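Undergrad:
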Amino acid sequence: MSYNWNWGIFVSTTPTGDTTYLGWMLSGLQTTIALSLSAWIIALAIGSIMGVLRTVPSRWLSGIAAVYVEAFRNIPLLVQLFIWYFVLPELLPAALGNSFKQMNPTAQQFLSSMVCLGFFTGARVCEQVRAGINSLPPGQKNAGLALGFTLPQTYRHVLVPMAFRLIVPPLTSEFLNIFKNSAVCSTIGLLELAAQGRQLVDYTAQPYESFIAVTVMYVGINVIVMTLMRKVERRSRVPGYIGGK
Amino acid sequence: MHDFDWSSIPGALPFLWDGMKISLEITALAIVAGIVWGTLLALMRLSRFRALSWFAAGYVNLFRSVPLVMVLLWFFLIVPQLLEILLGLAPGTDARLPSAMVGFALFESAYYSEIIRAGIQSVPKGQIAAAHALGMSYGQAMRLVVLPQAFRNMVPLLLTQAIILFQDTSLVYVSALADFFGAAYKVGDRDGRLVELLLFAGAVYFVLCYSASLLARRYQKRAGA
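Protein sequence lines, in the order shown, are assigned to chains C and X. Per our numbering, residue 1 is the first one in the first sequence, and the count goes up by one each step. Per our numbering, residue 1001 is the first one in the second sequence, and the count goes up by one each step.
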């Protein structure tokens, strides 16, 4: 196989002239990180609320949360993304839909991607939160109620804080997934890391260098997140549990 | 508000079905290859030989830290060139389907191997000791005693992974291969009915995956009882 390796490509200037190809890569990396972090905030918020609702003794509320989880877990991420990006603006009231369509394209793509990844990952976070709450001994809830807490207070002060400390490890893997899943957003034209990699191939015809660089960056994100989360895990462990101190 | 017009779907059904067949083919092949190669990887990972367990750990960790989209792009780049060299195919031959299949099979086996490793480790140690006491070799103990029990425990997880895999096949969209989703998108784009076709595709995926997940849950309950 004859292939001309040319790693110098990364320091040469792009046709637009204002940056190097490495600059493209880094701006993609930035978008990937910004997108993943903002989507993660949405996912944690929705996931916590829905996870709590799945365990409350009200058929209606737990039913709503169950429908949310099943819908977002049984439709492929790519289809969800296209529905957020192409379908939803058409179904919204005309004024709202039009104001979305008048935003600049990058903002449209980013917004759809963020909300899509947030809701998609939220369904997974929800299941982890539910599992965490259900794994607590029933005595904890009863003790909270016996102390005169209302049910919401019991959740707020007893169950949810405990559950979150127990589910840090599975949440870590969801957090890693959100970075990987963000690559799907290249399909609607968002210039995140994977998309920059493909764009580089189109411009330079050096696919191996470009893909290797992108792959290394994803592995790097992975290593950094895992190191950080291991610290969080160590600090949040509950004494007395397996894996605790 | 949008005026719905579903009329382009009935005529497109044969085309969509062709796409569905591609999705299912990729899924089936990746499940079979993923379980076979995943089992080997899991055994290597648990092996006493350092080199084998390091290789398996490296393989699994690498594939699990790279997005599927990136893995697919890699395979759409490499497989056609390999086929050219190995089979002497003319350059420019459409190798997207085999590329997708190889990519999914190798990618999924990393995930399957983790499920299978956990399954093997969930079998009580006494089982291996008992097999050894009966005079079985390591290979016999694995094949006749440990793996059958491990797989029984793993069925729900393997099914869940298969559902995820089926959903992930939609990502062959990056190569413009007309799987079910790609076909739906093409029809919608052609007829200017993207809204209807995307909602239809979502509904089909939902019905299929939700029924499969109910099945997995039922199996789990029965096995647990």
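Where a beta carbon is used, it is the ideal one built from N, C-alpha and C, also for glycine. Given the structure is predicted, the values throughout are model-derived calculations rather than measurements.
(1) Check whether the stretch 39 to 53 of chain C and the stretch 1183 to 1202 of chain X touch, using three or more Cβ-Cβ pairs below 8 Å as the test.
(2) Less than 8 Å separating the beta-carbons of S173(C) and T32(C)?
(3) Going by the DSSP bridge assignment, what does T20(C) pair with across the sheet?
(4) Using 8 Å as the threshold, is the C-beta distance between V1174(X) and V1069(X) below it?
(5) Spell out whether any CB of chain X is found under 8 Å from the CB atom of S186(C).
(6) Leaving aside the five residues before and after F1180(X) along the sequence, list all residues of the same chain whose C-beta is less than 6 Å from its C-beta, in chain order.
(7) The ligand FMN heavy atoms versus the CB of G240(C): any closer than 7 Å?
(8) Give the straight-line distance between the Cα atoms of V214(C) and S1170(X), rounded to the nearest whole angstrom.
(9) Are F110(C) and L159(C) touching if we call contact CB-CB under 8 Å?
(10) Kindly list, in the order they appear in chain X, the residues whose Cβ is closer than 7 Å to that of F82(C).
(11) Do W84(C) and V115(C) count as a contact pair if the criterion is CB distance below 8 Å?
(12) For chain X, check one thing: does any of its Cβ atoms lie closer than 8 Å to the Cβ of T172(C)?
(13) Give the single residue among S1113(X), A1030(X), S1007(X) whose Cα lies nearest to the Cα of F1055(X).
(14) Sorted by chain position, which residues of the same chain lie with C-beta nearer than 6 Å to M1136(X)'s C-beta, five sequence neighbours on each side aside?
(15) Taking CB distances under 8 Å as the criterion, tell me whether G1135(X) reaches chain C.
(16) Under the assumption that I1116(X) contacts V1146(X) (Cβ atoms under 8 Å), give the Cβ distance between them as a whole number of angstroms.
(17) For the stretch 164 to 172 of chain C and the stretch 1043 to 1054 of chain X, state whether three or more C-beta atom pairs, one from each stretch, are separated by less than 8 Å.
(18) Out of curiosity, what's the CA-to-CA distance linking T121(C) and A66(C)?
(19) Is E233(C) helix, strand or coil when you go by DSSP?
(20) Output needed for G118(C): all residues of its chain with C-beta closer than 6 Å, excluding positions within five of it in sequence on either side, in chain order.
(21) Using DSSP with H/G/I as helix, E/B as strand and the rest coil, what is I1035(X)?
TA: On the basis of the coordinates in this document:
(1) no
(2) no
(3) T13(C)
(4) yes
(5) yes
(6) G1019, M1020, S1023
(7) Ligands in the displayed structure: none, and consequently the ligand FMN is not present.
(8) 22 Å
(9) no
(10) L1198
(11) yes
(12) no
(13) S1113(X)
(14) none
(15) no
(16) At roughly 11 Å, the Cβ-Cβ gap does not stay under 8 Å, so I1116(X) and V1146(X) are not in contact.
(17) no
(18) 15 Å
(19) helix
(20) A39, I42, A43
(21) helix
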